[in-house]
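Student: First to last, the protein sequences are chains A, B, C, D, E and F. Here the first sequence is numbered in the numbering used here, starting from 1 and rising by one per residue. Here the second sequence is numbered in the numbering used here, starting from 284 and rising by one per residue. Here the third sequence is numbered in the numbering used here, starting from 567 and rising by one per residue. Here the fourth sequence is numbered in the numbering used here, starting from 850 and rising by one per residue. Here the fifth sequence is numbered in the numbering used here, starting from 1133 and rising by one per residue. Here the sixth sequence is numbered in the numbering used here, starting from 1416 and rising by one per residue. Virtual Cβ for every residue (Gly too), placed ideally from N, Cα, C. Okay, handing you the structure first.
Number of protein chains: 6
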Amino acid sequence: MSVPPLPNIMIEPLVRAALLEDLGRAGDITTDAIVPAEARANTALVARQPGVVAGLDLALLAFKLVDPSILASVKHPDGYRLSSGDVIATVTGPARGILSGERIALNFLCHLSGIATATAAIVEAVRGHRARVTCTRKTTPGLRAVQKYAVRVGGGANHRFGLDDAVLIKDNHIAVAGGIKPAVERARCAVGHLIKIEIEVDTLVQLEEALAVGVDAVLLDNMPPDELRRAVAMVGGRAVTEASGRITPATAPIIASTGVDLISIGWLTHSSTALDIGLDHLE
Amino acid sequence: MSVPPLPNIMIEPLVRAALLEDLGRAGDITTDAIVPAEARANTALVARQPGVVAGLDLALLAFKLVDPSILASVKHPDGYRLSSGDVIATVTGPARGILSGERIALNFLCHLSGIATATAAIVEAVRGHRARVTCTRKTTPGLRAVQKYAVRVGGGANHRFGLDDAVLIKDNHIAVAGGIKPAVERARCAVGHLIKIEIEVDTLVQLEEALAVGVDAVLLDNMPPDELRRAVAMVGGRAVTEASGRITPATAPIIASTGVDLISIGWLTHSSTALDIGLDHLE
Amino acid sequence: MSVPPLPNIMIEPLVRAALLEDLGRAGDITTDAIVPAEARANTALVARQPGVVAGLDLALLAFKLVDPSILASVKHPDGYRLSSGDVIATVTGPARGILSGERIALNFLCHLSGIATATAAIVEAVRGHRARVTCTRKTTPGLRAVQKYAVRVGGGANHRFGLDDAVLIKDNHIAVAGGIKPAVERARCAVGHLIKIEIEVDTLVQLEEALAVGVDAVLLDNMPPDELRRAVAMVGGRAVTEASGRITPATAPIIASTGVDLISIGWLTHSSTALDIGLDHLE
Amino acid sequence: MSVPPLPNIMIEPLVRAALLEDLGRAGDITTDAIVPAEARANTALVARQPGVVAGLDLALLAFKLVDPSILASVKHPDGYRLSSGDVIATVTGPARGILSGERIALNFLCHLSGIATATAAIVEAVRGHRARVTCTRKTTPGLRAVQKYAVRVGGGANHRFGLDDAVLIKDNHIAVAGGIKPAVERARCAVGHLIKIEIEVDTLVQLEEALAVGVDAVLLDNMPPDELRRAVAMVGGRAVTEASGRITPATAPIIASTGVDLISIGWLTHSSTALDIGLDHLE
Amino acid sequence: MSVPPLPNIMIEPLVRAALLEDLGRAGDITTDAIVPAEARANTALVARQPGVVAGLDLALLAFKLVDPSILASVKHPDGYRLSSGDVIATVTGPARGILSGERIALNFLCHLSGIATATAAIVEAVRGHRARVTCTRKTTPGLRAVQKYAVRVGGGANHRFGLDDAVLIKDNHIAVAGGIKPAVERARCAVGHLIKIEIEVDTLVQLEEALAVGVDAVLLDNMPPDELRRAVAMVGGRAVTEASGRITPATAPIIASTGVDLISIGWLTHSSTALDIGLDHLE
Amino acid sequence: MSVPPLPNIMIEPLVRAALLEDLGRAGDITTDAIVPAEARANTALVARQPGVVAGLDLALLAFKLVDPSILASVKHPDGYRLSSGDVIATVTGPARGILSGERIALNFLCHLSGIATATAAIVEAVRGHRARVTCTRKTTPGLRAVQKYAVRVGGGANHRFGLDDAVLIKDNHIAVAGGIKPAVERARCAVGHLIKIEIEVDTLVQLEEALAVGVDAVLLDNMPPDELRRAVAMVGGRAVTEASGRITPATAPIIASTGVDLISIGWLTHSSTALDIGLDHLE
């Protein structure tokens, strides 16, 4: 089953705000001055490089919100692996609306497809290993829901969506609590039965403490491959193992080969490159 | 004079929204469970790689909005060129608030510093040439004002902020209007006296037409250096010349050597890498 | 450790909206007409019946937002078990502001204290059993975060905060999936490593299927005590057991005596009675 | 004529906000994981206990906002007196949307029907007397317009909607003004010609003062039936008489028998029990 | 007692929105470019023509929201009758903030003072008569609360604040209802006890019908003075009498001499002239 | 080509907010009480005085947002020069919705048509001269985009839309900078290539300084006609010339006869009179 779309009610506020940010107080003064109201355009969203489509719903909604009479026809939905030159969708209707909505449509589509593409590359790099690829909370302010969606589209998994949906105990929490054991116990006591607890450990000694008290997952931070391998062995399936720390497409296969369950990568959302997609005017 | 800060009233809604996106419906359940209300923390925002600071106001506001009793002391304000290890600011106060606000503070700071750093690198690369570096409307939805601010902090200039503050005539506008001359004339007739007109040209023939009708600026799209040089000569100071089209730090000096006034680069805002900045807990 | 407060940034929008709903387009015309600007009032929030305080931060913020010069002094914070007549806090300052903010302050305080009080009653009723008391998603629209907070203040635990922070598979999901096994497997495959999976079962046969495929929790819906007891035995600690279905303070002890881990009760948030608290003017 | 519905523009923001509160940042992860996009559902909103329907527009809008292709057919509109088992409306369409919108639809419908049902019970209890039943400003923050609507649907009348649409002089206003006469005179002088003035009196002496200066209505607070009867006689039609103070369905007939025009009851909106309504899946 | 101010919580959203509308996406680029951060200014809001001040709170809040360190000192508060040259308030602090906030401060102050001044002129013109001057719902979208406040500051009274706080039966309502009597009866039956009923009548025959059924107020629309006088006599104190229909400062005294209770004038809010107030820089 | 309309996405928030401001918490209680749900109305927006239509989109949207089943047929779109009695549009559908939306529709239409009409009168007065008529930033808070649109509809041009889309150097900027030359140089250095620079000058000496340093436009403030004429001659086409300062329809032709390029008039937006337009019920 493909990744289910986010309901329209979740994405419309984002698209609406982006359009208003661009239209400002006078609207598209170039198009309004030059393009007659009756002019029509027949266009296509076209990939200029290979990658994975994500965010097509947001892009098409941008056109629709500028002018509801614009019609779109989807050729390759979110998740499709594009070759350069592939038509993702056609967009037809009043030229004014298409020209005015173009940049916002592309800003969403290129950004989210970039995330999906980067995710897919890592997923591909670790194919054959058990490791899944996951994102972090290092997202662009305001876009967390859609960036995490793009990670899913690229074949990745989602880590926490916020501070409130899982416990993730980090070094400073451990320091304040006076150790791993009291930190985990306080968390277990405080949270509801549907909240999982993960703890960040930097050493195998810490890992042992964490396993002794019992956690759902361990974040093995910045461990070299050998240490990761030993950590996975120590865990022995008693917790989900997550490797993190500056993992790149180049290092991901080695990390994955250690047998960890998860590889988490912040730059999927904070530093991935936009995918180059353009709007071509057809005859 | 350093780049003036954006007034607080413009950035507070962004920071507030980002915090609420992260706090969700239950707040920071990890910190609330583990860290006592009376615990205090003494921390510093520290550069983990060289770069240019931008967005410090947003980062510090994130802490303040979580807990107004948190105190910050700025060591290196926006625009400062950081070495790895530099302390940007210290942040002191209730540990809960600092831990809960940390990620959002860093998300803004790393993202905007990344843009400033990328901008500064290009600015540096073209030093000695007349060319200024400028961004585009290819920004992340919702963040245009602060991303463009980060470009200024990095030493770059700003292009249009939206569809409404300048005319930029592109190929499709020309096609619909039936030529460069009618397109420019329609625009000139429609807009107010404080609106400038720029036109995108792909060939020297088009450039000649644009200069004949008269425009404030010409966007020389995807021209090779030799053609750019000829274009600059043709213009002869009658319009601002802007080069665009997949310009990288590597190619920027060559482009700049053609004598263009401006080099515009979309990836400054849509694809730059976040600067690595962390929050260290001090003794 | 007492229940940590929600950060101000999470509750201020609610209080602000409630005040504007009450002030309308003309403000407090009674007070404005009758009470001079210089009149001062010395008042106290007083319990008129026994119960558990919750929402005091919201109540005091209501006064502060109407007039920042109003001073409050907390006598009994959230979680305190009030006797009738107890002073919860004193509120002193300009009479106009106190009179104009009174109703909204009380609307929050009485509502949330009512939820905390109802929760505490059930918690008390099942004391000595392992069962924790938990709420549901049957909350009043717009108030989920603060109602769930009130449940915590009353000694209860929180169930899901929304559709997105845990999987809860209900009968219709099972029907569509064609059985418990495929439903759980689809869910497990789709969600991240920090998401727990709970499933609703109506019979012991279903329970067996659920345990066979493996889940984090089972919701035992509308089972009589005997069946619950057998279910708990069958589970044998392999999953969290949750009893639900029209549980009242009267029936809660019997349910708890079956050994379930959790008792979930919708009416804590959708039908509990407001606690009677008033604002008394002191000499 | 039945109670006119609130225009869609007034209820849509509430329903939209409630859905977003529930969908969070990831949407309905259970349904998305398990239910195929093409699955359809044929469901009915069914009363599980007798009562009065209110809020059906909000419930159906919840489904529509999640998926506009969901179709609803109303069987028993707002105001209908339901028997247990009655189908209120059928809801048909994509199963995903119906399952994702179900809880919010029910949260509105059960809450508002509970208020209408409680109101109707009191109205029924005082049938044969002149007294109308009215609500207060003790409403749930954010829901005043719809709760007051539910009171109307239940056959009740509405008191003030806010601090700004009528004058209600209470004991503290009288104390500050130095008496009933100056308080009423100040109010009369300050407000426009379409604003009515009501005053709260605790004794027959105060009532005499109020009648002497002239008011539109008197709130007879916490008076026993005999005193109420004398008060009504004293007023002799010169003002609307309103009885208030912990009136219950049991005491309402006695209060009504005193001849008062209005019985105001805060718990209609702050403490009524949700009506049990469920969503049944039909064959 | 002077007109009580609107609470800050009611005006801040308006001022904030107006500032953001003006600051756009780049802020005050002129001031930022030219005025150093450390420059200070010492300025005064000065009347350039006689009139009545209104809206000073909004003006000063505009400065404060741009820069909280700006200090203001009020010389003549709302309601003061200014002579040309009068200093209304001094505003001192960072020059950048004062220059950036100036236009929005003046836009509110000049607009609202214009309404107060126009109102005061009519109030003065009818002095000696019983008639009060009142505004209508013909207000500028978004500004109803503050425009009605300005009318009060000018000595006028407020009519309805919206469609929901009083019944005003107009000709079309009468037509649909099939007469004055059924229209009034339907209204009386539908609304709560604190809602007044006014009806618009065009003829003395209609007036007689209205008085027969009983209403709180009659709007005597477009009647010439003689007819108004007869109307007032017919009413004989049984209802409030309101004259309306293109009343100007010139015609107001004649209308007032007919003995009506109220003169309502739409142009107070929709067409009054802004009062000329400027910001002078002092030595 | 007629003035292009503002896209719906830009005007809908304004109309929605205005309707909610009017509907308040109870909606249109008069219409709801008196007009049956099934009653229909056939109405027309009719000019009661000559003028220029502007804002028809907002007016019709007001009806549509109250009840989407209302149908409108435009007879004379924005920009049309109305005679008294002209039908602007017909509006047909459920009577309730039409009556409830009428005032907000008219508030927008009369206000914006008033601005367009005032603008057109000045434009007409200066016909035959080169001068264009332009507005200022003296707009009503919240309505800048639509007021500036109305100016365009009336044949005027737009000045700056905010503080951020052009540089306008005023006397205080010059004073702080220490002269015209440094002020202009700082601005030129700070802003992007698509930003124009205008400077306000009060004397011909200042004008000479401004021309020497070079600017895009000069605002000739409060100069008498003779001085304006000399200023225009001095400028000799090197900059756009704008005359400002209390220009009225009476003085505009004289000002225009001096040869200035622009006449800017603040009262077009802050003090123009609403155009009298009504909603007539047809047979």
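I'd like to know whether the C-beta of G376(B) is nearer than 8 angstroms to at least one C-beta of chain A.
Tutor: no
Student: Name the chain E residues whose beta carbon is nearer than 7 angstroms to that of R582(C)?
Tutor: I1141
Student: In three-state DSSP terms, what is L477(B)?
Tutor: coil
Student: Can you give me, in chain order, the residues of the segment 944–961 of chain D that have a beta carbon less than 8 angstroms from any beta carbon in chain A?
Tutor: R945, G946, S949
Student: Is DSSP giving E102(A) helix, strand or coil here?
Tutor: Under the three-state reduction of DSSP, E102(A) is assigned to helix.
Student: Report yes if the C-beta distance between S84(A) and R48(A) is below 8 angstroms; otherwise report no.
Tutor: yes
Student: Does the beta-carbon distance from G1569(F) to T1618(F) come in below 8 angstroms?
Tutor: no
Student: Do you know how far the Cα of A1474(F) is from the Cα of I1503(F)?
Tutor: 11 angstroms
Student: Classify D57(A) as buried or exposed, calling it buried when 16 or more other Cβ atoms lie within 10 Å of its own Cβ.
Tutor: buried
Student: Return the chain-ordered list of same chain residues with a C-beta closer than 8 angstroms to the C-beta of P1102(D), the five sequence neighbours on each side being excluded.
Tutor: A974, V975, H978
Student: At which residues does the alpha helix (DSSP H) containing V798(C) begin and terminate?
Tutor: Its alpha helix (DSSP H) spans residues 791–801.
Student: Mind checking the segment 1103–1121 of chain D against chain C and listing, in chain order, the residues whose C-beta falls within less than 9 angstroms of any C-beta there?
Tutor: Shown in chain order are the members of the segment 1103–1121 of chain D whose Cβ falls below 9 angstroms from a Cβ of chain C: G1115, W1116, H1119, S1120, S1121.
Student: Indicate the three-state DSSP secondary structure (helix, strand or coil) for E525(B) in the structure shown.
Tutor: strand
Student: For chain F, is any of its Cβ atoms less than 8 angstroms away from the one on L477(B)?
Tutor: yes
Student: Would you say H456(B) faces chain F, with C-beta separation under 8 angstroms as the test?
Tutor: no
Student: At a cut of 8 angstroms, does the segment 1397–1404 of chain E reach the segment 1684–1694 of chain F through at least three beta carbon pairs?
Tutor: yes
Student: Enumerate, from N- to C-terminal direction, the unbroken alpha helix (DSSP H) stretches of 4 or more residues contained entirely within the segment 1296–1352 of chain E.
Tutor: 1303–1309, 1312–1322, 1336–1345
Student: DSSP three-state call for N1174(E): helix, strand or coil?
Tutor: strand
Student: If you compare alpha carbons, which of N1174(E), A1253(E), K1270(E) is closest to A1433(F)?
Tutor: K1270(E)
Student: Helix, strand or coil for L572(C) per DSSP?
Tutor: coil
Student: Measure the alpha-carbon distance for A1510(F) versus I670(C) and round it to whole angstroms.
Tutor: 37 angstroms
Student: Pull out every residue of the segment 23–42 of chain A whose Cβ sits closer than 9 angstroms to any Cβ of chain B, in chain order.
Tutor: L23, G24, R25, A26, G27, D28, I29, T30, T31, D32, A33, I34, V35, P36, A39, A41
Student: I'd like to confirm the pairing. Which residues does DSSP put opposite H564(B) in its beta bridges?
Tutor: Beta bridge pairing from DSSP links H564(B) with T326(B).
Student: Taking the runs of the alpha helix (DSSP H) that are 4 residues or longer, which of them lie wholly in the segment 988–1014 of chain D?
Tutor: 993–1002
Student: With the cut-off set at 8 angstroms, would you say N1416(E) and C1267(E) are in Cβ contact?
Tutor: No answer is possible for residue 1416(E): the residues shown for chain E start at 1133 and end at 1415.
Student: Output needed in chain order: residues of the segment 1180–1197 of chain E with a Cβ under 8 angstroms from some Cβ in chain B.
Tutor: L1197
Student: Among P288(B), P424(B), V488(B), which residue has its Cα nearest to the Cα of C110(A)?
Tutor: P424(B)
Student: Going by CA-CA distance only, name the one from R1362(E), V1345(E), L1339(E), A1344(E) that's closest to L1351(E).
Tutor: L1339(E)
Student: Based on the DSSP output, what are the partners of S1113(D) in its beta bridges?
Tutor: T983(D), S1093(D)
Student: Listing by chain order, which chain D residues have their CB less than 8 angstroms from the CB of L1486(F)?
Tutor: Going along chain D, no residue has its Cβ under 8 angstroms from L1486(F), so there is no contact; the nearest lies around 17 angstroms.
Student: State the beta-bridge partners of V298(B) as determined by DSSP.
Tutor: Beta-bridge pairing links V298(B) to no other residue.
Student: Decide if R1095(D) is buried, meaning its Cβ has at least 16 other Cβ atoms within 10 Å, or exposed.
Tutor: So R1095(D) counts as exposed.
Student: Should V940(D) and L869(D) be called a contact, given that it needs their Cβ atoms to be closer than 8 angstroms?
Tutor: no
Student: Check the C-beta distance from D1154(E) over to G1577(F) and give it rounded, since I have them as a contact under 8 angstroms.
Tutor: 5 angstroms
Student: Taking the beta carbon of N1354(E) as the centre, do at least 16 other beta carbons fall within 10 Å, making it buried, or is it exposed?
Tutor: Result: exposed.
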